[in-house]
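Below is one structure, written out as structure tokens; comments come after it.
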Amino acid sequence: MGKRMTKVVVIGAGNAGLSAALSAREHGADVVVLEAAPEDEYGSDSYFSGGLFRVSYERYSDLSALVDDLTLAGEGLDEFASYAEADFLDDWGRVTGYRLDPEISDHVVSNSFEALKWLHEKGKVPFVSPIIVDENGRARHSRPGWHGGFVEASGAGAGLTDALRRSTVASGADIRYGVEAIGLTRRDGGRGWTVATRTTVGGVVAEIDADALIVASGGFQADTEWRTRDLGVGWDLAKVRGSVHNTGKGLRLLLDQGAKAAGNWSGCHAVAWSTGSGEAGRADANHVFERESHPFGISVNSLGERFLDEGEDFGAYTYAKYGKVILTQPGQVAWQIFDEKTRSLWTDEYRYKNPEAARIQAGSLEELADKIVPRGMGSKETFLKTVADYNAAVDSGIEFNPYIKDGKRTNGLVPDKTNWSQKIEDGPFYAFEVTCGITFTFGGVKVDTGARVLDRRDEAIPKLYAVGEAVGGLYYFNYASGTGLTAGTVLGREAGRLAATA
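Taking my numbering, the leading residue of the sequence shown gets 3, the next gets one more, and so forth.
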């Protein structure tokens, strides 16, 4: 295989990479996409996502440009009348301690609607609205306890990546599976790049010349050694919920070219994940082992004790940091406890019927404890006392409402639960064993609003772009749901346009 001249090379075939490739083709470039995964494992972490995009809009009816057959009738629909750019930025800033890059985040938010409109029209991504009308004719979020403006790819991450791949191939881009980038060399005095590649099967080495290069190969969460070195003690024990191919090789290539490291390198997106999920990157499971309905029950560790405020905030703003807290518990596991009256509030993932899903059901709390103890619960007595103390502390004078921060709390516990507290007393009772599932790492390289990679002097490295999880500075400590895919599309679209015209 000899050298081939192409206009744009994209490393990585997830949402951000395929958005970049599609945009570059739209602007007349020849495009080659290098994907380290074999074709039956394509999609990067985007495949394993819920397909949720956070988006700003002025009127709910505006979403009809993204969602076919948008429901425009239903009592209470005015509660979702708009999601202003200022609200989007505030939600994103609040959960990240306002450390996020202000220029990049503002660019993502202000371009979110038009980018998703482009993704729907050009990428043929089918979107649905998470706002549904229930059997009583009332509009509400399909995910109780969720908050913000969203659209969701039909079929979740699998539907998203399938649609994007088909559109990218139809545009004329050349996607090469099982080919990883192993080296970069500046070419012609900085006027382009030579990418050294190697096939993952057979180890065939070749080179591709590119006028511009876009790196969209994700974070380093699937590299156990790197993950543990940067995130800290215990992170080697976390389950990798996404692609096994996101080992940070693209990031290393960028850093070796003088890119400036940016963001929260000791931070990551980590969720409550079923202990029965098996090995990382299971295409048959996608995101079905995620357990994000913790605000409506209680969580206890293997000692039988509560260890966090389950009702601190909407699930959209706590689920991505919950996994880290579980990782610090004895045995790196916890149990989410629910009774029958909360069952209707569970996300669909809880209804996954695979026997590996670590779900236990019992007619009484004592029977539930008897079933949990052989699975590693240290003390039946402590567990029963924890539930009894919790029930006694619930403020019965406040009405429960899963769609707002209802203030229905406990009093006198350490820690108290500050919203959505209901007594656990109506059988049957349920327990879900969870551990930490890491989604992606927060550290990356610094870019500008055009996704141009910046060096240590904050100057753009010619013809070099980074998008998706390779971008640092967007997430610190925590994560606002749906921002990752949106940022990937906004910056990917921009990178593709600029690379094509560089």
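All C-beta atoms in this analysis are idealised placements derived from N, C-alpha and C, irrespective of residue type, glycine included.
Straight-line gap, residue i to residue j (C-alpha atoms, nearest Å)
| i | j | result |
| --- | --- | --- |
| Phe222 | Leu74 | 42 Å |
| Leu256 | Leu310 | 38 Å |
| Asp428 | Gln363 | 12 Å |
| Ala453 | Ala67 | 26 Å |
| Val10 | Ala218 | 13 Å |
| Val455 | Val206 | 29 Å |
| Thr503 | Val181 | 26 Å |
| Lys407 | Ser381 | 33 Å |
| Ile400 | Ile426 | 16 Å |
| Val302 | His29 | 53 Å |
| Asp80 | Ala155 | 23 Å |
| Asp225 | Lys126 | 33 Å |
| Gly14 | Val375 | 44 Å |
| Glu496 | Glu116 | 12 Å |
| Glu137 | Val416 | 38 Å |
| Glu87 | Tyr59 | 8 Å |
| Ser268 | Thr249 | 15 Å |
| Asp70 | Val135 | 16 Å |
| Ala272 | Ser366 | 32 Å |
| Lys251 | Glu77 | 50 Å |
| Glu123 | Gly174 | 17 Å |
| Glu292 | Glu281 | 14 Å |
| Arg254 | Gly260 | 10 Å |
| Thr384 | Tyr319 | 30 Å |
| Leu476 | Asp372 | 45 Å |
| Phe152 | Thr485 | 10 Å |
Close beta carbons around residue i, own chain, < 6 Å, minus the five adjacent residues each side
| i | result |
| --- | --- |
| Gly52 | Ala158 and His289 |
| Gly494 | Ala18, Ser21, Ala22 and Val469 |
| Thr196 | Thr187, Arg189, Glu209 and Asp211 |
| Ala26 | Val10, Val33, Gly498, Ala501 and Ala502 |
| Tyr352 | none |
| Arg6 | The predicted model places Arg6 with a pLDDT of 46, which falls under 50 and marks its position as unreliable, so this point remains unresolved. |
| Phe90 | Ser58 and Val111 |
Neighbour-count burial assignment, residue i, 16 or more Cβ in a 10 Å radius
| i | result |
| --- | --- |
| Ser131 | buried |
| Arg96 | exposed |
| Arg243 | buried |
| Pro146 | buried |
| Lys241 | buried |
| Pro297 | buried |
| Tyr432 | buried |
| Thr170 | buried |
| Ile133 | buried |
| Ala274 | buried |
| Gly99 | exposed |
| Asp42 | exposed |
| Thr344 | buried |
| Asp258 | exposed |
| Asp391 | exposed |
| Lys326 | buried |
| Tyr105 | Tyr is not the amino acid found at residue 105; the sequence shown has Glu there. So Glu105 ends up on the exposed side. |
Same chain only: Cβ atoms within 7 Å of residue i, ignoring 5 sequence neighbours per side
| i | result |
| --- | --- |
| Asn113 | Val492 |
| Thr230 | Trp237 and Asp238 |
| Ser63 | Leu74 |
| Thr420 | Asp311, Gly313, Glu314 and Arg411 |
| Ala1 | With the chain running from 3 to 504 in the structure shown, residue 1 is simply not present. |
Candidates the options: closest to residue i by CA position
| i | options | result |
| --- | --- | --- |
| Tyr85 | Arg56, Phe434, Ile216 and Tyr481 | Arg56 |
| Val110 | Gly446, Ala462, Glu461 and Thr451 | Thr451 |
| Asp47 | Pro430, Asp341, Thr443 and Asp108 | Thr443 |
| Phe129 | Leu65, Cys438, Glu105 and Phe90 | Leu65 |
| Thr202 | Glu37, Leu386 and Thr437 | Glu37 |
| Gly439 | Leu329, Ala261, Tyr405 and Thr384 | Leu329 |
| Ile339 | Lys323, Val327, Ser304 and Thr320 | Ser304 |
| His143 | Trp337, His247 and Asn403 | Asn403 |
| Leu347 | Val246, Ser295 and Gly325 | Ser295 |
| Tyr467 | Val449, Asn266, Arg178 and Ser107 | Val449 |
| Gly234 | Cys270, Ala472 and Arg178 | Cys270 |
| Asn480 | Val473, Lys323 and Pro332 | Lys323 |
| Gly16 | Asp418, Ala360, Asn413 and Arg168 | Arg168 |
Residues bridged to residue i (per DSSP)
| i | result |
| --- | --- |
| Ile440 | Val242 and Ala272 |
| Ile134 | Arg142 |
| Glu182 | Arg200 |
| Leu466 | Leu215 |
| Val10 | Val33 and Ala214 |
| Ile300 | Ile339 |
| Trp195 | Arg188 and Ala212 |
| Tyr59 | Tyr85 |
| Arg308 | Val302 |
| Arg361 | Phe434 |
Heavy atom of the ligand SAH within 7 Å of residue i beta-carbon
| i | result |
| --- | --- |
| Asn393 | Ligands are entirely absent from the displayed structure, and the ligand SAH is therefore not among its contents. |
Sequence-distant residues of its chain with Cβ nearer than 8 Å to residue i (five each side left out)
| i | result |
| --- | --- |
| Thr488 | Phe55, Arg56, Val57, Val110, Ser114, Ala117 and Leu118 |
| Trp148 | Pro132, Phe316, Gly317, Ala318 and Ser483 |
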